[in-house]
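**Q** My structure is below; once you've seen it, I'll send some questions.
Number of protein chains: 2
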Amino acid sequence: MVVEDEAVGEAGVLSRIEALCAEKGLRMTEPRRVIARVLSDSEDHPDAEELYDRVKAIDSSISLATIYRTMKLFEEMSIVSKRDFGDGRARYERKSGPEDHHHHMIDVESGEVIEFYNQELEDLKKRIAHDLGFELVDHHLELFGVRRKKKH
Amino acid sequence: MVVEDEAVGEAGVLSRIEALCAEKGLRMTEPRRVIARVLSDSEDHPDAEELYDRVKAIDSSISLATIYRTMKLFEEMSIVSKRDFGDGRARYERKSGPEDHHHHMIDVESGEVIEFYNQELEDLKKRIAHDLGFELVDHHLELFGVRRKKKH
DNA sequence: ATAACTGCAAAACATTTGCTCACAC
DNA sequence: GTGTGAGCAAATGTTTTGCAGTTAT
């Protein structure tokens, strides 16, 4: 059932991408298919170079420029989110829908990234934006911390 | 009295920088003095190039490399905060103390930046980090939004 | 057919660094 | 005097782009 779930998930992502591309008059090409597959198989937050390596393992003819171009495209189509963890490069993560919205807690010592979701936080952010006279369209939130030492 | 406050404020910032430099065995040079002055006169969130322009207006011999080196130094000394508003470059803002901690609401249509502070948010972030087993050392939060249209 | 897409290499940016000289202490 | 800091220019790392050829529709 787990396998089935994953299979459905991938098919879902691919067909959603295909639908969105068609809708916008864009082509479903081999590079885009491969990149979409790599994204749906990735549970982490790869940067462009890491995506490039994973994509090359499947089709070595795909270029880094295409990774960047496709990430920009997928971002506009709300298929991926671009993240910034404070090192100089952009990270990308698949965005299946509003239901898997989350934030990141980054261990500044190990670089480890923990994802979390907090409804209270969501409500508060929306309220703050509203109070300032804004409709919230996006937000960045990253917490940086060190693992708390147990008191002996 | 407002004028007096500002005068005290600026002097405070400058001497604080000088004190911190001395404390760390660093030298108070002309470039550092000029950059400190520009920072304390800046109410906005300039990037390196903008700082460079403002600094050059006072002393044209100061180089961009020195802006970067000094920003890194001042960041380590907790004199400035480095911010990322999603365009590719770092922004800097003076940090007078923990009391003027705040976040940013960015108008995605005009690029306007509104600063805000919310105690509830501070508490919540600390609690989230704590629940995840972390001691919060830093955080990034930016809200992106569009001005809400009044319902006629 | 033909417009969108790609790879490649070069360009564009922001930022960092090596080197030599200058200056604060 | 001595080591820290500066300017300059070259290097770096990431992301973008021009161009000429390729491919999906």
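Protein sequence lines, in the order shown, are assigned to chains P and R. Numbering of the first sequence is given in UniProt numbering, commencing with residue 1 and proceeding in unit increments. Numbering of the second sequence is given in UniProt numbering, commencing with residue 1 and proceeding in unit increments. By construction, the Cβ of each residue, glycine as well, lies at the ideal position given by its N, Cα and C atoms. All of these numbers come straight from a predicted model, not from anything done at the bench.
1. At the 7 Å Cβ level, is residue 129 (chain P) part of the contact set with chain R, yes or no?
2. How far does the alpha helix (DSSP H) with residue 108 (chain R) in it extend, from its first residue to its last?
3. Excluding five sequence neighbours on each side, which residues of the same chain lie with their C-beta closer than 8 Å to the C-beta of residue 86 (chain R)?
4. Less than 7 Å between the beta carbons of residue 54 (chain R) and residue 38 (chain R), yes or no?
5. Does any heavy atom of the ligand ADP sit closer than 6 Å to the C-beta of residue 134 (chain R)?
6. Whole angstroms is fine: what's the gap from residue 61 (chain R)'s alpha carbon to residue 120 (chain P)'s?
7. What residues in its chain sit with their C-beta under 7 Å from that of residue 78 (chain P), if we drop five residues either side in the sequence?
8. Just the Cα atoms here: how many angstroms apart are residue 146 (chain R) and residue 30 (chain R)?
9. Does any residue of chain P bring its CB to less than 7 Å from the CB of residue 55 (chain R)?
10. Got a sec: is the Cβ-Cβ distance from residue 140 (chain P) to anything in chain R below 7 Å?
11. Does the Cβ-Cβ distance between residue 89 (chain R) and residue 138 (chain R) come in under 7 Å?
12. Comparing alpha-carbon positions, which option in P:70, P:124, P:111 lies nearest residue 27 (chain P)?
13. Would residue 117 (chain P) and residue 102 (chain P) be called neighbours here (beta carbons separated by less than 7 Å)?
14. If we count the other Cβ atoms within 10 Å of its Cβ and call it buried at 16 or more, is residue 130 (chain P) buried or exposed?
15. Could you name the residues of the stretch 97-115 of chain P whose beta carbon sits closer than 8 Å to any beta carbon of chain R, in the order they occur along the chain?
16. Around the Cβ of residue 148 (chain R), are there at least 16 other Cβ atoms within 10 angstroms (buried) or fewer (exposed)?
17. Run through the stretch 47-83 of chain R for me and flag every whole alpha helix (DSSP H) of 4 or more residues, listed as ranges in chain order.
18. For residue 156 (chain P) and residue 57 (chain P), what's the separation of their Cα atoms in angstroms?
19. In chain order, what residues of the same chain have a beta carbon less than 6 Å from the beta carbon of residue 67 (chain R), not counting five sequence neighbours either side?
20. Can you tell me which residues form a DSSP beta bridge with residue 138 (chain R)?
**A** Well, looking at it:
1. yes
2. Taken as a continuous stretch (DSSP letters only), residue 108 (chain R) belongs to no alpha helix (DSSP H), as it is neither H nor E.
3. 106, 142, 144
4. Yes, the pair counts as a contact, with Cβ atoms nearer than the cut-off.
5. The ligand ADP is not part of this structure, which contains no ligands at all.
6. Looking at the two C-alpha atoms, the distance is approximately 51 Å.
7. 95
8. 43 Å
9. no
10. Residue 140 (chain P) counts as touching chain R.
11. No. Outside cutoff.
12. P:70
13. Taking 7 Å as the Cβ cut-off, residue 117 (chain P) and residue 102 (chain P) qualify as a contacting pair.
14. exposed
15. Per Cβ criterion, the list reads 105, 107, 108, 114.
16. exposed
17. 48-58, 64-76
18. In this structure chain P extends from 1 to 152, so residue 156 (chain P) is not present and cannot be described.
19. 48, 51, 52
20. DSSP, once it has assigned bridges, lists P:144 as partnering residue 138 (chain R).
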